[in-house]
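Colleague: Pasting in a structure now, in structure tokens, and then I'll have a few things to ask.
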Amino acid sequence: TIVDSNFPADSVASTTVHGEVIRLDGAGIPEVASAIFSVFPLDSFIEAPIQYMQVVGEPETMLEVHKDLHKIALENADREWKMDSVERHSFYEQSRKTYAVIATAER
14 TIVDSNFPAD SVASTTVHGE VIRLDGAGIP EVASAIFSVF PLDSFIEAPI QYMQVVGEPE
74 TMLEVHKDLH KIALENADRE WKMDSVERHS FYEQSRKTYA VIATAER
């Protein structure tokens, strides 16, 4: 899970497979996603392998960083990838089940 600087990365990461936060404090989400997507393919068995946390109180809002993330995924793939928003607490719970939490400088 790639997250911004406001995400509770330490507490969520403690329950992941890796067990601690991977900090990339000098990079934003687009830079980190671009690097990861260039070497790791998205999971084609998941309907929407790209998910982002909804803006609290504005579930239909897609921030510029979310649009950038989708664009980067499409640039590194041979298909259209579906992207879904996830309610904040559900996103936290899903993130706890991932391999790792990567904290970025994104705000």
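Numbering (my numbering), first residue to last: 14 to 120. Note that the Cβ used here is the ideal one computed from N, Cα and C, for glycine as well.
#1: What's the call for Ser108, buried or exposed, on a 16-neighbour Cβ count within 10 Å?
#2: Which word fits Ile15, buried or exposed, when buried means at least 16 other C-beta atoms lie within 10 angstroms of its C-beta?
#3: Closest to Glu33 by CA distance: which of Ile42, Val78, Asp23, Gly39 is it?
#4: Quick one, which of Glu119, Val30, Ile49 has its alpha-carbon nearest Ala144's?
#5: Please state if the CB of Val114 and the CB of Ala26 are separated by a distance shorter than 7 Å.
#6: Leaving aside the five residues before and after Ile35 along the sequence, list all residues of the same chain whose C-beta is less than 6 Å from its C-beta, in chain order.
#7: For Thr74, count neighbouring C-beta atoms within 10 Å of its own C-beta (all shown protein chains included) and say buried if the count is 16 or more, exposed if not.
#8: Taking 7 Å as the threshold (C-beta atoms), are Leu82 and Ala118 in contact?
#9: In terms of residue numbering, what span does the beta strand (DSSP E) encompassing Leu37 cover?
Modeller: Quick answer:
#1: Here the question's residue 108 lines up with position 95 in the sequence shown. Counting the other Cβ atoms within 10 Å of the Cβ of Ser108 gives 16 or more, which makes it buried.
#2: Working through the sequence shown from its first residue, we reach residue 15 at position 2. Ile15 is buried by the Cβ-count criterion.
#3: Reading the sequence shown from its first residue, position 20 is the one you call residue 33. Selected option, being the one with the closest Cα: Asp23.
#4: The requested residue 144 does not occur in the structure, where the chain is confined to residues 14 to 120.
#5: Numbered from its first residue, the sequence shown carries residue 26 at position 13. Numbered from its first residue, the sequence shown carries residue 114 at position 101. Contact flag set, yes.
#6: As a first step, residue 35 must be located in the sequence shown, where it is residue number 22. When the five nearest sequence neighbours on each side are left out, the beta carbons in the same chain lying within less than 6 Å of the beta carbon of Ile35 are those of Ala113, Ile115, in order along the chain.
#7: For this step, residue 74 is matched to residue 61 along the sequence shown. By the 16-neighbour rule on beta-carbons within 10 angstroms, Thr74 is exposed.
#8: If you number the sequence shown from 1, residue 118 lands on position 105. If you number the sequence shown from 1, residue 82 lands on position 69. Going by C-beta atoms, Ala118 is not nearer than 7 Å to Leu82.
#9: Here residue 37 refers to the residue found at position 24 when the sequence shown is read from its first residue. Per DSSP, Leu37 is one residue of the beta strand (DSSP E) stretching across 35 to 37.
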